[in-house]
Structure formats: C-alpha cells, structure tokens
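Participant: My questions will all concern the structure given below.
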C-alpha cells in the first residue's frame, strides 16, 4: 500500500515537472514582457541576450534615408576627405557583434530600450504601440494577466522555442521571438524576426 502511494506521488511529481518544463518558455515570455513594461533593467539583462539580439536586428533595421541635399551642399565625406570617418563606417558591421563593448548604432537603439522591447514583444514597432489602458480595479486586477493576449507557438524544442506575436487586428504583421534555454527552467530572448513592414 505504501509503495503504491509512493509510486503515485512519484508519478504526480513527474507530471508536474514535465508541465513546468514544457511551460517554461511561456513564463519566460511573460516575465520578459513584465520586466520591459516596468523598466526593470536588471531583469531584462537576465532574460535578453543583447549581443545576439543586436546581431539579429542589424540586417533587418535599415539606416533611415539620408535627407535630400540642399543645393550647394557638399557631398558626404569619403576616404579621401575624411579617412577616419570612412574607416569608422566601414568597421561598424564588425563592431556591432562586440556588444556590450561597443555602443549600439543609433538605428538599433529604440529596439534595445525597455520601452522598445515592450513594444516589440507585443508585435509593435518601437514607439508605435497605443498607450497602456489604466489598470483594472478590484477583482479585474487579478484576472488581467489572463485576459492579456498570449503569443502563438511557432516552434517548441528542447533548447529553442519561437513565438509569433502581432498587434491586435493585424495578423499579417507577425514578429517572431526566439527564446533559447540557458538553464533547466531559464530561457533568454536571442532573436527577433521583424515583420516586413519594418524597413527603417
């Protein structure tokens, strides 16, 4: 009788462990979203691989188009007029993967701030998300996390999981968030594939 009870307890523990193991990426997504919303920089440092994230965004986020030249304005300096500036621009792609040793290019900065990450994990371009609704009162406060939209699962693996998120009412503008396991129940955001609309 005792052996049977111990076996049942073992099975229950095994099922709970399997559920927690499988659901860990969803909890990581929720924790990342909460840390970004609440400007928790220390929490974001534990949940985001900023070096890998910068590398994933580098080829997706383009430099804004240069302003139209005014009549009589000189051209941008080249290697003959400004050799140091030309070398700096040429070496930028090699310097970006060395984060956090080098500053991020200006075009990537909005995506790496807490506010920008909060918009990205909800499927928006940084700065394009609508304002946050006021917090619910009473019993609605406890039910608010359940009513929030959850990401759809794109891929689940032992060490890598992908979620798809999009703004409400815009299912075509899908961002794909890739999380990688770093410990038994710990996951980090390592890659973001932006929707095709982002070209600046």
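Numbering (the numbering used here), first residue to last: 82 to 281.
In this text, a Cβ means the ideal position worked out from N, Cα and C, and glycines have one as well.
1. In the structure shown, what three-state DSSP assignment does residue 99 receive?
2. I'd like to know if the segment 264-279 and the segment 128-146 are in contact, where contact means that at least 3 CB-CB pairs between them fall below 8 angstroms.
3. Do you know offhand how far residue 153's Cα is from residue 129's?
4. Over the uninterrupted alpha helix (DSSP H) stretch that includes residue 258, give me the two end residues.
5. Starting from the C-beta of residue 161, find all residues in its chain whose C-beta is less than 6 angstroms away, skip the five residues before and the five after it, and write them out in chain order.
6. Comparing C-alpha positions only, which one of 99, 249, 206 and 110 sits nearest to residue 276?
7. Which same chain residues, not among the five before or five after residue 151, have their C-beta less than 8 angstroms away from its C-beta?
8. For residue 197 and residue 247, which I take to be in contact (beta-carbon distance under 8 angstroms), what is that distance rounded to the nearest angstrom?
9. Considering only DSSP beta bridges, list what residue 244 is partnered with.
10. Select from 89, 230 and 112 the residue whose C-alpha is nearest the C-alpha of residue 250.
11. Expressed to the nearest angstrom, what Euclidean distance is found between the alpha-carbon atoms of residue 143 and residue 265?
12. When the Cα atoms are used, what is the spatial distance from residue 99 to residue 187?
13. Residues in the same chain with beta-carbon distance under 8 angstroms from residue 241, minus the five sequence neighbours each way, listed in chain order, please.
14. Could you tell me which residues DSSP puts in a beta bridge with residue 269?
15. Just how far apart, CA to CA, sit residue 211 and residue 118?
16. Taking the DSSP output, what are the residues bridged to residue 129?
Facilitator: In this structure, then:
1. helix
2. yes
3. Note that residue 153 has pLDDT 46, beneath the 50 cutoff, so the model's placement of it is unreliable and no number is given.
4. No alpha helix (DSSP H) holds residue 258; the beta strand (DSSP E) holding it covers 256-262.
5. none
6. 206
7. Confidence is the limiting factor: at residue 151 the pLDDT is only 46, short of 50, which leaves the residue's position unreliable and the question unanswerable from this model.
8. In fact, because the Cβ distance is near 17 angstroms, the residues do not count as touching under 8 angstroms.
9. 234 and 258
10. 230
11. 36 angstroms
12. 43 angstroms
13. 259, 260, 261 and 262
14. 261
15. 13 angstroms
16. 270
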